[in-house]
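**Q** Structure in structure tokens, see below.
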Amino acid sequence: MLSSKRILLIIGGGIAAYKSLDLIRRLRERGAAVTPVLTRAAEEFVTPLSVSALAGEKVYRDLFDLTDEAEMGHIQLSRAADLIVVAPATADLMGKMAGGLANDLASTLLMATDTPVLCAPAMNVRMWNHPATRRNHAQLADDGVRFVGPNEGDMACGEYGPGRMSEPLEIVAAIETQVSDGPLTGRRILVTSGPTHEPIDPVRYIANRSSGAQGTAVARALSGLGADVTFITGPADVPPPDGVDVVRVETAQQMSDAVDAALPVDAGVFAAAVADWRVSSASDKKLKKSRDGVPALEFAENPDILKRVAHLENGRPALVVGFAAETDNVIEHAKAKRARKGCDWIVANDVSPATGIMGGSENAVVLISDDGAEEWPRMGKDQVAGRLAEKIANALTGQNP
Ligand code: CTP
Numbered sequence: 000m001l002s003s004k005r006i007l008l009i010i011g012g013g014i015a016a017y018k019s020l021d022l023i024r025r026l027r028e029r030g031a032a033v034t035p036v037l038t039r040a041a042e043e044f045v046t047p048l049s050v051s052a053l054a055g056e057k058v059y060r061d062l063f064d065l066t067d068e069a070e071m072g073h074i075q076l077s078r079a080a081d082l083i084v085v086a087p088a089t090a091d092l093m094g095k096m097a098g099g100l101a102n103d104l105a106s107t108l109l110m111a112t113d114t115p116v117l118c119a120p121a122m123n124v125r126m127w128n129h130p131a132t133r134r135n136h137a138q139l140a141d142d143g144v145r146f147v148g149p150n151e152g153d154m155a156c157g158e159y160g161p162g163r164m165s166e167p168l169e170i171v172a173a174i175e176t177q178v179s180d181g182p183l184t185g186r187r188i189l190v191t192s193g194p195t196h197e198p199i200d201p202v203r204y205i206a207n208r209s210s211g212a213q214g215t216a217v218a219r220a221l222s223g224l225g226a227d228v229t230f231i232t233g234p235a236d237v238p239p240p241d242g243v244d245v246v247r248v249e250t251a252q253q254m255s256d257a258v259d260a261a262l263p264v265d266a267g268v269f270a271a272a273v274a275d276w277r278v279s280s281a282s283d284k285k286l287k288k289s290r291d292g293v294p295a296l297e298f299a300e301n302p303d304i305l306k307r308v309a310h311l312e313n314g315r316p317a318l319v320v321g322f323a324a325e326t327d328n329v330i331e332h333a334k335a336k337r338a339r340k341g342c343d344w345i346v347a348n349d350v351s352p353a354t355g356i357m358g359g360s361e362n363a364v365v366l367i368s369d370d371g372a373e374e375w376p377r378m379g380k381d382q383v384a385g386r387l388a389e390k391i392a393n394a395l396t397g398q399n400p
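Number 275 in numbering that gives the first Met the number 0 belongs to position 276 of the sequence shown; there are no gaps in the numbering.
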């Protein structure tokens with residue numbers, strides 16, 4: 000529910016603006032108050048009258064409307080909200096935001112605020128893929144702006160690809176994640192996820208079968224409880240959750256660096272299947288077949304990220320959770336691993352092929368902690384994540400499970 004929450008909704012000028020009318024309805028159904036702002040271009044797609052009728056509030060349109068300044072200045076307008084939502088966030092609006100321009104009401108509000116911002120991008124697929132938009136997207140994510148979508152599909156312009164604005168209910172879900180208070184509100188948690196890719200040469204790499212599904216589910220569940228999640232992911236099969244800070248990496252070394260950059264945090268959940276070794280003799284040119292036979296690869300050990308963070312003298316997270324992928328003697332190996340790594344909890348699972356767990360949608364885990372080994376029944380990875388997130392919330396807030 001969104002009762003007593005105020006959303007400042009900036010509607011940009013794109014065909015997807017029609018969906019923002021439905022978004023207003025959905026938000027109001029859930030008890031939110033919506034202050035609408037229209038850009039000049041947005042007025043070409045939806046009328047101020049329909050927007051204000053649905054919002055039940057005045058529509059703000061012009062930076063230099065002195066009546067508005069007398070009633071409510073643009074600074075106050077932007078700060079009175081619990082969340083600023085930009086939907087549709089056009090390529091133009093994203094460019095202005097990333098560049099720090101403030102030449103109309105929408106961009107000025109976005110510059111004048113310290114309120115969290117959620118963008119729902121919508122644009123033609125080539126505009127979305129354009130290097131300038133890629134840069135702006137990365138810059139905004141770096142600045143702490145959250146994103147929902149865009150989705151992939153048919154576009155109003157007749158093309159196909161990423162660029163469709165998320166559906167109103169998807170945007171509502173992302174808004175709820177952002178503004179609802181949960182037991183983990185105000186807590187920073189990092190989650191590593193997915194496999195790592197260790198290059199052999201520019202076109203080949205060593206990888207593993209991790210899909211990233213369990214780590215992604217954990218990040219989503221923690222964010223759902225209000226945590227501020229930094230999600231550090233290798234090249235996974237599943238997309239990252241909405242509403243978290245996503246840091247994409249390829250190698251174990253990059254993951255290790257990204258973890259350092261995310262510290263300090265209240266808790267770290269290390270769900271990634273990190274490659275233990277990298278090819279130390281990786282070539283910067285493609286290896287060619289030669290008469291001398293097959294190439295001999297030399298390996299070097301990768302940094303053990305979990306072990307390092309668990310042993311930090313300064314800035315160790317209050318709770319460090321590791322995962323253990325085992326194929327035999329699961330509990331015995333996981334207990335030894337917990338001691339070796341120095342983490343507080345280990346979530347152990349049996350990944351032998353017959354279980355179908357690696358790459359599958361279910362998991363059967365044993366949680367190893369000071370309290371011993373707690374066996375959980377086989378359940379969906381989302382449910383495992385939900386239960387783990389609850390336990391983490393209880394541990395961080397000092398409540399008994
Ligand atoms: N891990 C890590 N950095 C590594 C290797 C593993 O952070 N270089 C973390 C994983 O994210 C996981 C835990 O350590 O939380 C255990 O990973 P796992 O692959 O099961 O254990 P290994 O350390 O690789 O031990 P082994 O290969 O002996 O099973």
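Every residue gets a Cβ at the ideal spot worked out from N, C-alpha and C, and that includes glycine.
Just list the residues that DSSP pairs N150 with in beta bridges.
**A** One-based indexing of the sequence shown puts residue 150 at position 151. Looking at the DSSP assignment, N150 forms a beta bridge with R163.
**Q** Name, in chain order, the residues that DSSP records as bridge partners for D227.
**A** Here residue 227 refers to the residue found at position 228 when the sequence shown is read from its first residue. DSSP output for D227 lists R187 as bridge partner(s).
**Q** With a CB to CB cut of under 7 Å and the five nearest residues on each side skipped, what residues in its chain are close to V217?
**A** Locating residue 217 in the sequence shown gives position 218, where the first residue counts as 1. Contacts found: V190, V268, A270, A384, L387, A388.
**Q** Within 10 angstroms of its Cβ, does S19 collect 16 or more other Cβ (buried), or is it exposed?
**A** Sequence index remark: in the sequence shown, residue 19 carries index 20 (1-based). Flag for S19 reads buried.
**Q** Which value, in whole angstroms, describes the spacing of the CA atoms of G402 and P115?
**A** Examination of residue 402 is not possible in this model, given that the chain is present from 0 through 400 alone.
**Q** Could you check which residue in T132, K340, M164, G157 has the C-alpha nearest to that of V147?
**A** In the sequence shown, residue 147 corresponds to position 148, counting from 1. The residue with the shortest Cα to Cα distance from V147 is M164.
**Q** State the Cα-Cα distance for the pair P400 and A88, rounded to the nearest angstrom.
**A** Translated into positions along the sequence shown, residue 400 becomes position 401. Translated into positions along the sequence shown, residue 88 becomes position 89. Residue placement at P400 is poorly supported in this model, since its pLDDT is 49, which falls under 50; the coordinates are not used for a value here.
**Q** Under the assumption that T250 contacts E300 (Cβ atoms under 8 Å), give the Cβ distance between them as a whole number of angstroms.
**A** Counting from 1 along the sequence shown, the entry for residue 250 is found at position 251. Counting from 1 along the sequence shown, the entry for residue 300 is found at position 301. Not a contact, Cβ separation roughly 13 Å.
**Q** Could you tell me which residues DSSP pairs with N362 in its beta bridges?
**A** Counting from 1 along the sequence shown, the entry for residue 362 is found at position 363. M378.
**Q** What does the shell around ligand 3 hold, if a residue joins when its beta-carbon is under 5 Å from any heavy atom?
**A** Because ligand 3 does not appear in the structure shown, any question about it cannot be addressed here, the ligands present being ligand 1.
**Q** Check whether the Cβ atoms of P316 and A261 lie closer than 8 Å to each other.
**A** Numbered from its first residue, the sequence shown carries residue 316 at position 317. Numbered from its first residue, the sequence shown carries residue 261 at position 262. Their beta carbons are not under 8 Å apart, which means P316 does not touch A261 by this criterion.
**Q** Rounded to whole angstroms, what is the Cα-Cα separation between H310 and G211?
**A** Mapped onto the sequence shown, residue 310 falls at position 311. Mapped onto the sequence shown, residue 211 falls at position 212. Near 25 Å, if we compare the C-alpha coordinates of G211 and H310.
**Q** Per the contact definition of three or more C-beta pairs closer than 8 Å, is the region 70 to 81 in contact with the region 43 to 55?
**A** Touching, no.
**Q** Of the choices A173, D275, D153, whose alpha-carbon is the least far from that of V243?
**A** By 1-based counting over the sequence shown, the position of residue 243 is 244. Nearest C-alpha to V243: A173.
**Q** N362: which of A372, N348, D370 sits nearest, CA to CA?
**A** Counting from 1 along the sequence shown, the entry for residue 362 is found at position 363. Among A372, N348, D370, the Cα nearest to that of N362 is on N348.
**Q** Report the residue from K288, A333, I231, A121 whose alpha carbon sits nearest the alpha carbon of P167.
**A** If you number the sequence shown from 1, residue 167 lands on position 168. Of K288, A333, I231, A121, the residue nearest in Cα terms is A121.
**Q** Distance, Cα to Cα, D153 vs N123?
**A** For the purposes of this step, residue 153 is identified with residue 154 of the sequence shown, where counting begins at 1. For the purposes of this step, residue 123 is identified with residue 124 of the sequence shown, where counting begins at 1. Answer to the nearest angstrom: the Cα atoms are 10 Å apart.
**Q** What span of residues does the alpha helix (DSSP H) with Y17 cover, start to end?
**A** Stepping through the sequence shown from its first residue, residue 17 is reached at position 18. Start and end: 16 to 28.
**Q** Is N135 buried or exposed, if buried means 16 or more other CB atoms sit within 10 Å of its CB?
**A** Locating residue 135 in the sequence shown gives position 136, counting from the first residue. When all chains shown are included, N135 counts as buried.
**Q** Are the region 23 to 37 and the region 52 to 62 touching by the rule of at least three beta carbon pairs closer than 8 Å?
**A** The region 23 to 37 is in contact with the region 52 to 62.
**Q** Where W276 and K288 are concerned, what is the direct C-alpha to C-alpha distance, given to the nearest angstrom?
**A** Within the sequence shown, residue 276 is the residue found at index 277, counting from 1. Within the sequence shown, residue 288 is the residue found at index 289, counting from 1. Looking at the two C-alpha atoms, the distance is approximately 24 Å.
**Q** Buried or exposed for A223, please, with buried defined as at least 16 other CB atoms from any protein chain shown within 10 angstroms of its CB.
**A** Walking along the sequence shown from the start, residue 223 turns up at place 224. The sequence shown places Gly at residue 223, rather than the Ala named in the question. The residue is buried, with at least 16 neighbouring Cβ atoms inside 10 Å.
**Q** In its own chain, which residues sit with a C-beta less than 7 Å from the C-beta of G371, not counting the 5 before and 5 after it?
**A** By 1-based counting over the sequence shown, the position of residue 371 is 372. Excluding sequence neighbours, G371 sits near nothing in its chain.
**Q** If we require 3 or more residues per run, which beta strand (DSSP E) segments fall completely within the region 50 to 116?
**A** DSSP runs (the beta strand (DSSP E)) wholly in the region 50 to 116: 82 to 88.
**Q** Excluding the 5 residues flanking G225 on each side, which residues of the same chain have their C-beta closer than 8 Å to its C-beta?
**A** Counting from 1 along the sequence shown, the entry for residue 225 is found at position 226. Answer for G225: S179, D180, G181, P182, L183, T184, G185, R186, listed in chain order.
**Q** Could you check what DSSP says for E249 in three-state terms: helix, strand or coil?
**A** Here residue 249 is taken as the residue at index 250 of the sequence shown, counted from 1. E249: coil per DSSP, three-state reduction.
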